[in-house]
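>
Residue numbers (the working numbering): 130 to 646.
Shown next as structure tokens:
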């Protein structure tokens with residue numbers, strides 16, 4: 130681990146990230162406590178409160194300023210008491226549910242958790258197998274889901290809630306992509322890729338497209354991103370008829386390759402979609418993050434011409450790709466950002482267009498906030514730890530981060546930051562050296578939320594937002610309440626981009642209250 134990022138003074142008491150105009154904030158998770166310095170600061174604060182000049186050799190006897198009085202242990206004015214800053218809540222190492230996960234790979238590059246709100250199940254990749262967990266049925270591993278394979282699972286993703294199919298994409302280290310639904314007895318597609326698959330991600334919304342079976346018919350199609358260890362991103366259209374339609378037409382659907390982008394010089398570590406599906410982002414082991422316009426990529430692929438490869442068999446379909454099929458360069462990206470480490474954690478803000486959070490690996494240890502439309506860097510937070518996951522709140526102006534490798538004195542593994550102040554509003558330290566490997570939002574919370582009040586399991590924030598599911602390096606899965614506390618306003622801050630409301634508005638920075646309605 131290197132030292133923390135050194136900022137440049139902005140002339141107003143703050144810091145700027147080196148080489149940018151973006152403000153730099155320090156989370157302070159790994160600060161060593163100097164007891165002597167603490168005592169000195171305490172003495173100075175007491176002296177200041179008592180009006181004592183510690184540098185003077187004779188104690189003065191001046192009276193307090195007119196109109197001020199001693200009340201509740203502090204000097205206050207006649208109209209308004211001096212407000213103390215609100216302390217950051219420190220939630221002890223506590224989780225609301227716990228699952229054993231033997232064979233959960235201790236690997237930063239794997240994303241082995243996925244949740245489907247359609248089926249209300251959590252998928253977990255353990256070694257070469259995939260398990261499904263729900264509160265109703267517990268843990269289960271359907272035999273049709275786990276065909277014999279010696280290659281471990283590297284990534285999981287469920288299809289969009291809008292599609293209503295709960296299609297599970299399973300990426301493996303041997304290049305196989307398996308597509309399966311709990312409504313089916315067998316997987317429908319098995320796509321063989323030239324390189325090991327490193328991550329998968331479904332578009333959060335469907336889109337209307339001509340049916341591969343009948344081009345005169347318009348259907349709702351899923352879109353799937355697949356990243357591999359060679360730096361390629363594959364964009365697929367997935368037509369998935371219901372079981373009744375499949376049996377009626379004796380046709381299981383179609384997996385169609387729409388585009389292939391050579392996005393990174395090394396392995397794809399992370400993929401994420403904007404909430405409306407209009408854009409997606411990628412992070413690589415080459416320390417670069419890209420933001421792509423979905424429409425621009427598909428237009429470029431269509432301009433390349435040629436018929437797209439499609440899985441041909443009417444049964445369990447296997448699609449073999451040619452080496453140069455639909456190859457687009459990394460310059461297809463609208464904007465790119467270079468960090469100092471691999472990039473796995475990516476998250477688009479669901480309530481602010483264009484706002485993208487990017488988490489850096491162990492040599493970067495920062496959260497970068499950027500505006501995808503303009504490429505502007507908006508702010509950075511020095512977390513002093515490898516950022517392994519980012520999840521935005523759906524109802525608050527906050528983002529939750531999970532951390533992996535950190536300095537020994539850094540015990541925080543989950544933290545919540547306010548936007549755009551970037552202040553820490555919640556920190557959750559772990560009492561051991563284990564790391565958070567990946568995280569996924571569990572919107573309902575186990576049990577769908579409980580009764581509020583004494584004896585209730587779930588707090589109001591949990592019932593509204595759900596919990597955070599974290600895969601850890603001790604081969605376990607933990608359900609954490611991170612949105613439980615009802616937090617008040619954080620106050621208006623100086624602002625980003627020089628405090629200019631016009632510039633901040635152009636870059637998508639809003640300053641309304643903390644709760645998003």
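Note that the Cβ used here is the ideal one computed from N, Cα and C, for glycine as well.
On a predicted model such as this, the values are computed, not experimentally measured, just so you know.
#1: Taking only the alpha-carbon atoms, compute the straight-line gap between residue 528 and residue 555 and give it to the nearest angstrom.
#2: What would DSSP say about residue 506, mapped onto helix, strand or coil?
#3: So if DSSP puts residue 459 in a beta bridge, which residue, or which two residues, is it bridged to?
#4: Quick one: grab the DSSP three-state call for residue 282.
#5: Pick from 612, 424 and 317: whose alpha carbon is nearest that of residue 521?
#6: Leaving out five residues on either side along the sequence, give the residues of the same chain with a beta carbon under 7 Å from the beta carbon of residue 427.
#7: Can you tell me whether residue 468 is buried or exposed, with buried defined as 16 or more other CB within 10 angstroms of its CB?
#8: Starting from the C-beta of residue 333, find all residues in its chain whose C-beta is less than 7 Å away, skip the five residues before and the five after it, and write them out in chain order.
#9: Given residue 471, which residues of its chain have a CB within under 6 Å of its CB, disregarding the five upstream and five downstream residues?
#10: Roughly how many angstroms separate the alpha carbons of residue 544 and residue 531, rounded to a whole number?
#11: For residue 152 and residue 485, what's the separation of their Cα atoms in angstroms?
#12: Which of the three DSSP states, helix, strand or coil, is assigned to residue 481?
#13: I need the DSSP call for residue 247, collapsed to helix, strand or coil.
#14: Within 8 Å, do at least three Cβ pairs link the region 342-349 to the region 317-330?
#15: Once the 5 residues before and after residue 423 are set aside, which same chain residues still bring their CB inside 7 Å of it?
#16: Is it true that the CB of residue 488 sits closer than 8 Å to the CB of residue 501?
#17: Please give the ranges of any beta strand (DSSP E) in the region 319-388, keeping only runs that are unbroken, at least 3 residues long and fully inside the region.
#18: Quick check on residue 378: buried or exposed, where buried means 16 or more other Cβ atoms within 10 Å of its Cβ?
#19: How far does the beta strand (DSSP E) with residue 601 in it extend, from its first residue to its last?
#20: Within this structure, are the beta carbons of residue 598 and residue 244 separated by less than 8 Å?
#21: So, helix, strand or coil for residue 469, using DSSP?
#22: Enumerate in chain order the residues of its own chain whose CB-to-CB distance from residue 144 is below 8 Å, with the five nearest sequence positions on each side excluded.
#23: Which whole-angstrom value is the C-beta distance of residue 595 and residue 565, which I expect to be below 8 Å?
#24: Given residue 453, which residues of its chain have a CB within under 7 Å of its CB, disregarding the five upstream and five downstream residues?
#25: Expressed to the nearest angstrom, what Euclidean distance is found between the alpha-carbon atoms of residue 325 and residue 364?
#26: Along the beta strand (DSSP E) that carries residue 141, what are the first and last residues, could you check?
#27: Thinking C-alpha only, which one of 600, 508, 394 and 359 is nearest residue 517?
#28: So residue 513 and residue 547 are supposed to be a Cβ contact under 8 Å. How far apart are they, rounded?
#29: If you count every other CB in all the chains shown that lies within 10 Å of the CB of residue 610, and 16 or more means buried, which is it?
#30: Measuring alpha carbon to alpha carbon, tell me which residue in 477, 492 and 511 is nearest residue 499.
#31: State the beta-bridge partners of residue 269 as determined by DSSP.
#32: If I measure Cβ to Cβ from residue 495 and keep anything under 7 Å in the same chain, skipping five residues before and after, which residues do I get?
#33: For residue 229, does the count of other Cβ atoms within 10 angstroms reach 16, so buried, or fall short, so exposed?
#34: Within 10 Å of its beta-carbon, does residue 433 have 16 or more other beta-carbons around it, so buried, or fewer, so exposed?
#35: Please look up how many angstroms separate the CB atoms of residue 376 and residue 327, rounded, as I've assumed it's under 8 Å.
#36: Just tell me which of 561, 557 and 505 has its CA closest to the CA of residue 146.
Quick answer:
#1: Here residue 528 is taken as the residue at index 399 of the chain shown, counted from 1. Here residue 555 is taken as the residue at index 426 of the chain shown, counted from 1. Computed Cα separation, rounded: 10 Å.
#2: Here residue 506 is taken as the residue at index 377 of the chain shown, counted from 1. Reduced to three states, the DSSP call for residue 506 is strand.
#3: Looking up residue 459 in the chain shown gives position 330. Bridge partners of residue 459: none, in fact.
#4: Here residue 282 corresponds to residue number 153 of the chain shown, with the count starting at 1. It is a strand residue.
#5: By one-based count along the chain shown, residue 521 stands at place 392. Per the Cα distances, 612.
#6: On the chain shown, residue 427 is found 298 positions in, with the first residue counted as 1. Around residue 427: 387 and 388.
#7: For the purposes of this step, residue 468 is taken as the residue at position 339 of the chain shown. Buried: at least 16 other Cβ atoms inside 10 Å.
#8: Position 204 of the chain shown, counted from the first residue, corresponds to residue 333. Same-chain partners within the cutoff: 289, 402, 404 and 406.
#9: Counted from its first residue, the chain shown places residue 471 at position 342. Counting only Cβ-Cβ distances below 6 Å, and skipping sequence neighbours, we find 398, 414 and 490.
#10: In the chain shown, counting from the first residue as 1, residue 544 sits at position 415. In the chain shown, counting from the first residue as 1, residue 531 sits at position 402. So the two alpha carbons sit approximately 7 Å from each other.
#11: To locate residue 152, count along the chain shown from 1; it is residue 23. To locate residue 485, count along the chain shown from 1; it is residue 356. Straight-line Cα distance between these residues: approximately 16 Å.
#12: Taking the chain shown and counting its residues from 1, the one referred to as residue 481 is at position 352. Residue 481: coil per DSSP, three-state reduction.
#13: In the chain shown, the residue the question calls residue 247 occupies position 118. Residue 247: coil per DSSP, three-state reduction.
#14: no
#15: Locating residue 423 in the chain shown gives position 294, where the first residue counts as 1. So the list reads 406, 407, 408 and 409, once near-sequence residues are dropped.
#16: Residue numbering aside, residue 501 sits at position 372 when the chain shown is read from its first letter. Residue numbering aside, residue 488 sits at position 359 when the chain shown is read from its first letter. No, Cβ-Cβ distance for residue 501 and residue 488 is not below 8 Å.
#17: 326-331, 336-339, 347-357 and 361-368
#18: Here residue 378 refers to the residue found at position 249 of the chain shown. It counts as exposed.
#19: On the chain shown, residue 601 is found 472 positions in, with the first residue counted as 1. Taken as a continuous stretch (DSSP letters only), the beta strand (DSSP E) holding residue 601 covers 596-601.
#20: Here residue 598 corresponds to residue number 469 of the chain shown, with the count starting at 1. Here residue 244 corresponds to residue number 115 of the chain shown, with the count starting at 1. Closer than 8 Å, so yes.
#21: Position 340 of the chain shown, counted from the start, is the residue given in the question as residue 469. Of the three classes helix, strand and coil, the one that applies to residue 469 here is coil, per DSSP.
#22: Against the chain shown, residue 144 aligns to sequence position 15. Excluding sequence neighbours, residue 144 sits near 136, 137, 138, 152, 153, 154 and 155.
#23: Mapped onto the chain shown, residue 595 falls at position 466. Mapped onto the chain shown, residue 565 falls at position 436. Not confirmed; about 17 Å, so no contact.
#24: Residue 453 sits at position 324 when you count from the first residue of the chain shown. Reliability of the predicted coordinates at residue 453 is poor, the pLDDT of 49 falling under 50, and the value obtained from them is presented with this limitation in mind. Excluding sequence neighbours, residue 453 sits near nothing in its chain.
#25: Within the chain shown, numbered from 1, the residue matching residue 325 stands at position 196. Within the chain shown, numbered from 1, the residue matching residue 364 stands at position 235. In a straight line, the C-alpha of residue 325 is about 16 Å away from that of residue 364.
#26: The residue given as residue 141 occupies position 12 in the chain shown. Per DSSP, residue 141 belongs to no beta strand (DSSP E) and is neither H nor E.
#27: Counted from its first residue, the chain shown places residue 517 at position 388. The shortest Cα separation from residue 517 among 600, 508, 394 and 359 belongs to 600.
#28: Within the chain shown, numbered from 1, the residue matching residue 513 stands at position 384. Within the chain shown, numbered from 1, the residue matching residue 547 stands at position 418. 19 Å between Cβ atoms; not a contact.
#29: Residue mapping note: residue 610 aligns to position 481 of the chain shown, counting from 1. Classification for residue 610: buried.
#30: Taking the chain shown and counting its residues from 1, one reaches residue 499 at position 370. Checked all of 477, 492 and 511; the closest Cα to residue 499 is 477.
#31: As a first step, residue 269 must be located in the chain shown, where it is residue number 140. 261.
#32: The count along the chain shown starts at 1 and reaches residue 495 at position 366. Result list for residue 495: 134, 489, 509, 510, 511 and 512, in chain order.
#33: Locating residue 229 in the chain shown gives position 100, where the first residue counts as 1. So residue 229 counts as exposed.
#34: Numbered from 1 along the chain shown, position 304 holds the residue referred to as residue 433. The residue is exposed, with fewer than 16 neighbouring Cβ atoms inside 10 Å.
#35: In the chain shown, the residue the question calls residue 376 occupies position 247. In the chain shown, the residue the question calls residue 327 occupies position 198. No, residue 376 and residue 327 are not in contact; Cβ-Cβ is about 35 Å, not under 8 Å.
#36: Along the chain shown, read from residue 1 onward, the residue named residue 146 stands at position 17. Checking every option, the nearest Cα to that of residue 146 belongs to 505.
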